[in-house]
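Undergrad: Numbering (my numbering), first residue to last: 14 to 428.
Glycine included, each C-beta is placed from N, C-alpha and C at the ideal position.
Note that the coordinates shown come from a computational prediction; the quantities given were computed from them, not determined experimentally.
Okay, handing you the structure first.
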Ligand SMILES: *Cc1c(COP(=O)(O)O)cnc(C)c1O
Ligand SMILES: [Zn+2]
């Protein structure tokens with residue numbers, strides 16, 4: 014059987030389908046596309062085969078994305094650009110359980126990916142597909158992490174990469190990565206949403222392959238956060254899965270992954286997804302409060318620059334996910350985000366501001382009685398603490414003390 018026939022692009026709104034290798038991000042009807050399969054991938058593999066790959070020394074098996082390849086994308090292994098990525102840790106800390114008032118609380122740290130954020134999970138798939146298609150250049154708009162990830166994977170693949178950044182709104186750590194890995198960096202006057210609109214137009218007119226999460230390949234890779242988490246938990250699904258929400262790629266990918274394994278009976282219950290937005294960048298929350306009557310747009314402003322997005326491109330997919338998982342959308346202030354970040358940092362785990370929105374969201378839903386103290390909760394930490402040192406330094410209450418190079422001065426300082 015030619016397995017490449019199994020996958021195609023399907024419209025999420027009408028019944029149109031397109032070849033898996035067509036370069037397009039929307040249906041003719043204007044709606045988003047997703048990867049669909051003529052038979053469920055679960056019929057082609059088992060949990061046991063996936064588990065066995067953890068012991069393999071093959072580079073694809075060692076990837077926390079390609080180790081789940083049946084559910085990701087069927088590509089010749091010679092086209093796959095793997096760092097490898099994934100295989101991130103799952104943390105529990107009594108301190109953080111106490112902070113949130115939830116006994117069973119775990120953190121999957123996607124900041125442990127090669128470029129320091131979960132973006133690598135989707136980028137390995139999008140850049141592999143780019144290589145498979147033989148494109149000349151890949152591009153994205155980015156609040157920082159997508160550009161860092163794209164630059165790293167494009168460098169690995171030997172492809173030219175172009176990143177569209179909102180001028181002055183990218184943290185130093187992320188910008189340095191994009192530059193260091195060798196991307197062409199364009200600072201766009203305006204915000205992320207302006208850069209996103211411009212890169213879409215440029216992709217179409219200038220033949221750049223677009224790898225924002227509008228690209229359905231990205232989401233197939235991001236699904237593996239869920240598979241890996243479930244594997245780490247012996248396929249016991251949590252009650253809640255809490256994720257920071259910007260362009261809504263993760264919200265969409267997590268829902269897709271959960272529905273796929275739930276339909277196959279690999280998990281016995283469907284966790285409820287919580288999308289947490291920053292109060293200053295809350296279009297999805299506004300729509301949720303409106304029973305999703307319409308997509309809202311805002312002028313986004315938050316300390317959590319990774320989720321500073323006013324017009325999320327995956328809106329329609331994410332709405333379906335919140336409905337299908339009985340999910341919740343909430344918002345947290347910058348103060349609440351930085352307070353949660355300090356708790357995560359002081360637990361010795363650490364994350365960038367946007368990631369801490371997950372914990373801040375749990376605190377909020379606990380206060381509102383929506384999450385109960387005996388619920389089983391998993392937060393996804395989306396990015397590494399080193400991504401945004403300015404934010405950490407600015408919020409810190411302790412400081413660096415300058416002392417004379419003498420034993421007496423040390424003793425004095427420790428008193
Ligand atoms: C990209 C990003 C997000 C937002 O994820 P979406 O899938 O766009 O909602 C959150 N946190 C970090 C650290 C990110 O890099
Ligand atoms: Zn359509």
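On the DSSP bridge assignment, give the partners of residue 130 in chain order.
TA: DSSP, once it has assigned bridges, lists 396 as partnering residue 130.
Undergrad: How long is the line joining the alpha carbons of residue 31 and residue 47, rounded to whole angstroms?
TA: Whole-angstrom Cα-Cα distance: 10 Å.
Undergrad: So is the beta-carbon of residue 40 under 6 Å away from any non-hydrogen atom of ligand 2?
TA: True, at least one ligand heavy atom lies under 6 Å from that Cβ.
Undergrad: Under DSSP, the alpha helix (DSSP H) around residue 352 begins and ends at which residues?
TA: Unbroken alpha helix (DSSP H) run through residue 352: 347-359.
Undergrad: From this set, 179, 181, 164, which residue's C-alpha is nearest residue 173's C-alpha?
TA: When each option's Cα is compared against that of residue 173, the closest is 164.
Undergrad: Give me the Cα-Cα distance between residue 302 and residue 364, rounded to the nearest whole angstrom.
TA: Rounded to the nearest angstrom, the two C-alpha atoms are 29 Å apart.
Undergrad: Can you tell me the Cα-Cα spacing of residue 12 and residue 338, whole angstroms?
TA: The first residue shown for the chain is 14 and the last is 428, placing residue 12 beyond what the model contains.
Undergrad: By how many angstroms is the C-alpha of residue 143 removed from the C-alpha of residue 222?
TA: Near 7 Å, if we compare the C-alpha coordinates of residue 143 and residue 222.
Undergrad: Between which two residues does the alpha helix (DSSP H) holding residue 63 run?
TA: That run of the alpha helix (DSSP H) goes 60-66.
Undergrad: Starting from the C-beta of residue 150, find all residues in its chain whose C-beta is less than 8 Å away, skip the five residues before and the five after it, and write them out in chain order.
TA: If we look at residue 150 and ignore the five residues flanking it on each side, its Cβ neighbours are 172, 173, 174, 175, 220, 221, 222.
Undergrad: Are residue 218 and residue 250 close, meaning C-beta to C-beta below 7 Å?
TA: Taking 7 Å as the Cβ cut-off, residue 218 and residue 250 do not qualify as a contacting pair.
Undergrad: Are the CB atoms of residue 103 and residue 119 within a distance shorter than 7 Å?
TA: Yes, the pair counts as a contact, with Cβ atoms nearer than the cut-off.
Undergrad: Within a Cβ cutoff of 8 Å, which residues of the same chain sit near residue 285, ignoring the five residues on either side of it in sequence?
TA: If we look at residue 285 and ignore the five residues flanking it on each side, its Cβ neighbours are 252, 253, 254, 338, 339, 340, 341.
Undergrad: List the residues that DSSP assigns as beta-bridge partners of residue 257.
TA: Looking at the DSSP assignment, residue 257 forms a beta bridge with 289.
Undergrad: Which of the three DSSP states is assigned to residue 298 in this structure?
TA: Three-state DSSP puts residue 298 in a helix.
Undergrad: Nearest CA to the CA of residue 152: which residue from 110, 202, 62, 208?
TA: Comparing Cα positions, the closest option is 208.
Undergrad: If we require 3 or more residues per run, which beta strand (DSSP E) segments fall completely within the stretch 378-425?
TA: Listed in chain order, the complete beta strand (DSSP E) runs (minimum 3 residues) inside the stretch 378-425 are 389-394.
Undergrad: To the nearest angstrom, how far is the alpha carbon of residue 66 from that of residue 137?
TA: Rounded to whole angstroms, residue 66 to residue 137 spans 18 Å at the Cα level.
Undergrad: If we call anything under 7 Å between Cβ atoms a contact, is residue 214 one with residue 270?
TA: Cβ distance not < 7 Å, so residue 214 and residue 270 don't count as in contact.
Undergrad: Using three-state DSSP, classify residue 20 as helix, strand or coil.
TA: If DSSP states are grouped into helix, strand and coil, residue 20 belongs with the strands.
Undergrad: Rank 239, 128, 156 by C-alpha distance to the C-alpha of residue 193 and give the top, closest one.
TA: Checked all of 239, 128, 156; the closest Cα to residue 193 is 128.
Undergrad: Would you list the residues sitting across from residue 222 in a DSSP beta bridge?
TA: BP columns for residue 222 point to 151.
Undergrad: Would the C-beta of residue 363 count as close to ligand 1, meaning under 6 Å from any of its heavy atoms?
TA: No - ligand 1 has no heavy atom lying nearer than 6 Å to the Cβ of residue 363.
Undergrad: If you drop the 5 nearest sequence neighbours on each side, which residues of the same chain put their C-beta closer than 6 Å to that of residue 290?
TA: Closer than 6 Å at the Cβ level, and outside the excluded window around residue 290, lie 258, 297, 298, 344.
Undergrad: Quick one: grab the DSSP three-state call for residue 105.
TA: Coil at residue 105, not helix or strand.
Undergrad: In chain order, what residues of the same chain have a beta carbon less than 8 Å from the beta carbon of residue 169, not counting five sequence neighbours either side?
TA: Answer for residue 169: 94, 96, 140, listed in chain order.
Undergrad: Identify the continuous beta strand (DSSP E) that holds residue 274 and give its terminal residues.
TA: From DSSP, residue 274 is part of no beta strand (DSSP E) but of the alpha helix (DSSP H) over 262-276.
Undergrad: Can you tell me whether residue 335 is helix, strand or coil according to DSSP?
TA: The answer is helix: DSSP assigns residue 335 an H, G or I state.
Undergrad: By the three-class DSSP mapping on this structure, what secondary structure does residue 170 have?
TA: Residue 170: helix per DSSP, three-state reduction.
Undergrad: Identify whether residue 53 lies in helix, strand or coil by the three-state DSSP scheme.
TA: Three-state DSSP puts residue 53 in coil, outside helix and strand.
Undergrad: Once the 5 residues before and after residue 233 are set aside, which same chain residues still bring their CB inside 6 Å of it?
TA: These residues qualify, in order along the chain: 48, 85, 86, 138.
Undergrad: Just mark residue 431 as buried or exposed, buried being the case when its beta carbon has 16 or more other beta carbons within 10 Å.
TA: Since the first residue shown for the chain is 14 and the last is 428, residue 431 is missing from the structure and cannot be characterised.
Undergrad: Grab the span of the beta strand (DSSP E) containing residue 120 for me, first residue to last.
TA: From DSSP, the beta strand (DSSP E) with residue 120 extends over 117-122.
Undergrad: Comparing the CB of residue 196 with every heavy atom of ligand 2, is any distance shorter than 6 Å?
TA: No, Cβ of residue 196 sits at least 6 Å from all heavy atoms of ligand 2.
Undergrad: How is residue 76 classed by DSSP in three states: helix, strand or coil?
TA: Coil at residue 76, not helix or strand.
Undergrad: Under three-state DSSP, which class holds residue 314?
TA: Three-state result, residue 314: coil.
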